[in-house]
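The block underneath contains the structure these notes are about, expressed in structure tokens.
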Amino acid sequence: MGDELPLNCRTPAITEYDGAVDPMEHLSRFENAALLHRYTDGIKCRVFVTTFAGAAQQWFNQLPVGAIGNFQEFRSLFLHQFASSRKVRKTELSLFAVRQKEDEP
Numbered sequence: 001m002g003d004e005l006p007l008n009c010r011t012p013a014i015t016e017y018d019g020a021v022d023p024m025e026h027l028s029r030f031e032n033a034a035l036l037h038r039y040t041d042g043i044k045c046r047v048f049v050t051t052f053a054g055a056a057q058q059w060f061n062q063l064p065v066g067a068i069g070n071f072q073e074f075r076s077l078f079l080h081q082f083a084s085s086r087k088v089r090k091t092e093l094s095l096f097a098v099r100q101k102e103d104e105p
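Each residue of the sequence shown is one higher than the one before, starting from 1 at the first, in full-length UniProt numbering.
Written as structure tokens, this is what we have:
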């Protein structure tokens, strides 16, 4: 992760992630921008954190030094931490879980 940032390195123009929306959407936007800018693995790690705000920034700040060895690890930790914010696609089968309560008309 010791890749030096090039002088012309720009952070991607994506919305900051604060933990309130689907982390997969944010990660996907970031990875697309990283491809466009040809970020190395180390630069991805250094730039990804600049897209954090609020709860995401607080989570990152409490990680122990050396917790992230490469972007794949960072990606996994990030998705695990914010898994509860993921959008779950509803299927027809989820209708079977819907129940009317006794006091509902």
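All C-beta atoms in this analysis are idealised placements derived from N, C-alpha and C, irrespective of residue type, glycine included.
Remember, predicted model here, so these are calculated numbers, not experimental data.
Bounding residues of the alpha helix (DSSP H) (the contiguous stretch that carries D22): No alpha helix (DSSP H) holds D22; DSSP gives it neither H nor E.
Sheet register partners of F52 (DSSP bridge): Y17
Same chain, Cβ closer than 7 Å to A55, neighbours up to 5 away in sequence not counted: D18, G19
Simplified DSSP assignment, three categories, for K44: helix
Span of the alpha helix (DSSP H) around E73: Where E73 is concerned, the enclosing alpha helix (DSSP H) stretches over 71–81.
Distance, D103 Cα to D41 Cα: 56 Å
Validate contact between the segment 4–18 and the segment 59–76 using beta carbons, cut 8 Å, 3 pairs: Below 8 Å, too few C-beta pairs join the segment 4–18 and the segment 59–76 to call them touching: fewer than three.
Proximity below 8 Å, CB of I14 to CB of A34: no
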